[in-house]
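Chemist: The numbering used here applies: residue 908 is where the sequence shown begins, and numbers increase by one. Built from N, CA and C at the ideal position, the CB exists for glycine as well. Below are the structure tokens for one structure; questions will follow.
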Amino acid sequence: MTTDTIAFIGGGNMASSIIGGLCASGWPVNCIRVSDPSASQREKLHKLYQVPCFKSNLECVTNANIIVLATKPQVLKQAIKSIRDSLSQTQPLVASIAAGVTGPDILKWIGSPLPLIRVMPNTPALVNRGVSAMYANDLCSSQHKETVNHIMTAVGKTVWVNTEADIDTVTGISGSGPAYFFKLMEIMIEKAVQNGLTEDDAKTLVIETAAGAAELANNSEQTPSILRKQVTSPAGTTEAALLSMESSGIDQVVTKGINAAIERSRELAIILGEH
Ligand SMILES: NC(=O)c1ccc[n+]([C@@H]2O[C@H](COP(=O)([O-])OP(=O)(O)OC[C@H]3O[C@@H](n4cnc5c(N)ncnc54)[C@H](OP(=O)(O)O)[C@@H]3O)[C@@H](O)[C@H]2O)c1
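What follows is the structure, encoded as structure tokens:
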């Protein structure tokens, strides 16, 4: 059986994590290629994973049948320009992890209708605990979807969404979501220290509480709502905290924040498509 050859355009944090996960899952290193303008980044990737690294995007995509676009969104158009003729000729499967750049804009820049999968990962992918949502355009076969699913499960879990607009919602939930939990952790650590705990103890208590709650929610048959009720004894401390948070409008504050992220994702798609 032959393995597909994947070319990563951009070898930064996210590409590096996915490549690491792929290598660990047994994808042959000679079937992974990566291009990046930075010599030190290429050296780092080659040292870590022994994958062929290229300065030239065009050289990188030669003989590849899967292209993963992994540059920052602002430079994606320019990166595509350097490979568009080759892609139009070889008609590979394209996957893009660039936040905010729509599939139709990518295909417009390539200038050819290709099977394209938009992927929205999140930062815990850097420690193989990411979750990615993916949307496949009409030209993708189930084999294409299976292949990209395999690539992204190298750094965490995956879900498929039915419309490209759902990617904006995903951005407001799991894409930006780690920052919401970090914000809560920041507040909790600060309060613990203000109440006399050491910074180290506060960090351990807060981070382990977050990780433990996530693990419990993941392993339990119950919904987070039921789990919350189970730890909330009548007239107890948790109830006091939750009643206070609810009366201060925690539901509205979080809802407003998520809506702002979704709205910004829609706006960025327009701005990035125009520039
Ligand atoms: N990190 C996340 O949590 C996350 C979550 C969701 C989506 N994403 C998306 O994933 C993509 C990559 O993010 P990242 O955090 O891995 O960014 P990153 O670390 O900055 O990696 C991007 C790499 O692309 C290189 N590059 C710049 N111009 C290029 C070109 N024309 N051709 C080829 N490579 C080029 C950059 O080199 P220089 O640094 O030398 O410019 C850099 O090494 C972004 O589009 C982001 O929106 C990331």
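Taking 7 Å as the cut-off, is the C-beta of Lys1163 nearer than that to any heavy atom in ligand 1?
Modeler: Result no, Cβ not under 7 Å from ligand 1.
Chemist: Run the proximity test for Met1027: is its beta-carbon closer than 7 Å to any non-hydrogen atom belonging to ligand 1?
Modeler: Result yes, Cβ under 7 Å from ligand 1.
Chemist: If you compare alpha carbons, which of Ser963, Met921, Thr1105 and Ala1168 is closest to Arg1228?
Modeler: No information on residue 1228 is available, as it lies outside the stretch 908 to 1182 that the chain covers here.
Chemist: With distances taken from CA atoms, which of Leu1046, Ala1147, Pro1031 and Thr1009 is nearest Leu1175?
Modeler: Ranking the options by Cα distance to Leu1175, first place goes to Thr1009.
Chemist: How about Ile974 and Ala1040: are their beta carbons less than 8 Å apart?
Modeler: Taking 8 Å as the Cβ cut-off, Ile974 and Ala1040 do not qualify as a contacting pair.
Chemist: Going by beta-carbon coordinates alone, are Gly1079 and Ala1168 separated by less than 8 Å?
Modeler: Contact: yes.
Chemist: Looking only at its chain, what residues have a beta carbon closer than 7 Å to the beta carbon of Glu1106, apart from the 5 residues adjacent to it on each side?
Modeler: The residues are Val1100.
Chemist: Which first and last residues belong to the beta strand (DSSP E) in which Lys1110 is found?
Modeler: Segment Glu1106 to Asn1126 is the alpha helix (DSSP H) holding Lys1110; no beta strand (DSSP E) there.
Chemist: Tell me, to the nearest whole angstrom, how far the beta carbon of Ala1006 is from that of Met1027; I am working on the premise that it is less than 8 Å.
Modeler: With 8 Å as the limit, Ala1006 and Met1027 qualify as a contact, their Cβ atoms being about 7 Å apart.
Chemist: Taking the alpha carbon of Ala1121 as the reference point, which residue from Gly1103, Arg1135 and Lys1110 has its own alpha carbon closest?
Modeler: Selected option, being the one with the closest Cα: Arg1135.
Chemist: Do you know whose CA, among Gly1018, Arg1171 and Ile1157, lies nearest Gly1082's CA?
Modeler: When each option's Cα is compared against that of Gly1082, the closest is Arg1171.
Chemist: Could you tell me whether the Cβ atoms of Leu929 and Ile939 are closer together than 8 Å?
Modeler: Yes, Cβ-Cβ distance for Leu929 and Ile939 is below 8 Å.
Chemist: What do you reckon, is the C-beta of Val1062 under 7 Å from a heavy atom of ligand 1?
Modeler: Flag unset: Cβ of Val1062 not near ligand 1.
Chemist: Is Gln1050 a contact residue of ligand 1, with contact defined as CB to any heavy atom under 7 Å?
Modeler: Checking the Cβ of Gln1050 against ligand 1 gives no.
Chemist: Return the first residue and the last residue of the beta strand (DSSP E) that Ala914 is part of.
Modeler: That run of the beta strand (DSSP E) goes Ile913 to Ile916.
Chemist: Can you check whether the CB of Ile925 is closer than 8 Å to the CB of Ile1096?
Modeler: Not a contact, by the Cβ cut-off of 8 Å.
Chemist: Take Trp1016 and list the residues in its own chain whose beta-carbon comes closer than 6 Å to its own, dropping the five residues that flank it on each side.
Modeler: Closer than 6 Å at the Cβ level, and outside the excluded window around Trp1016, lie Lys984 and Ile987.
Chemist: With the cut-off set at 8 Å, would you say Gly918 and Val936 are in Cβ contact?
Modeler: Contact flag unset, no.
Chemist: Does Asn1126 pass the burial test, meaning 16 or more other C-beta atoms within 10 Å, or should it be called exposed?
Modeler: Classification of Asn1126: exposed, given that the 10 Å Cβ count is below 16.
Chemist: Cβ-heavy atom distance between Met921 and ligand 1 below 7 Å?
Modeler: Checking the Cβ of Met921 against ligand 1 gives yes.
Chemist: Would you tell me roughly how many angstroms separate the C-alpha atoms of Lys1163 and Asp1075, rounded to the nearest one?
Modeler: Lys1163 and Asp1075: Cα-Cα distance of roughly 15 Å.
Chemist: CB-CB under 8 Å to Thr1111, same chain, minus the five flanking residues each way: which ones, in chain order?
Modeler: Excluding residues within five positions, none has a Cβ falling inside 8 Å.
Chemist: Taking Lys1052 as the reference, give the member of Gly1180, Ala1002, Ala1061 and Leu1033 with the closest Cα.
Modeler: Ranking the options by Cα distance to Lys1052, first place goes to Ala1002.
Chemist: Can you list, in chain order, the residues of its chain with a C-beta nearer than 7 Å to that of Leu1014? Leave out the 5 residues immediately preceding and following it.
Modeler: Within the same chain, Leu1014 has close Cβ partners Pro1020, Leu1021 and Leu1023.
Chemist: Roughly how many angstroms lie between the CA atoms of Ser947 and Cys967, to the nearest whole one?
Modeler: Going from the Cα of Ser947 to the Cα of Cys967 covers about 17 Å.
Chemist: Let me know the secondary structure DSSP gives Ala1076 once reduced to three states.
Modeler: It is Thr, not Ala, that sits at residue 1076 in the sequence shown. Helix at Thr1076.
Chemist: Per DSSP, Phe961 forms a beta bridge with which residues?
Modeler: Paired residue(s): Ser942.
Chemist: The alpha helix (DSSP H) that contains Trp1067, what's its start and end?
Modeler: Here Trp1067 belongs to no alpha helix (DSSP H); instead the beta strand (DSSP E) covers Gly1063 to Trp1067.
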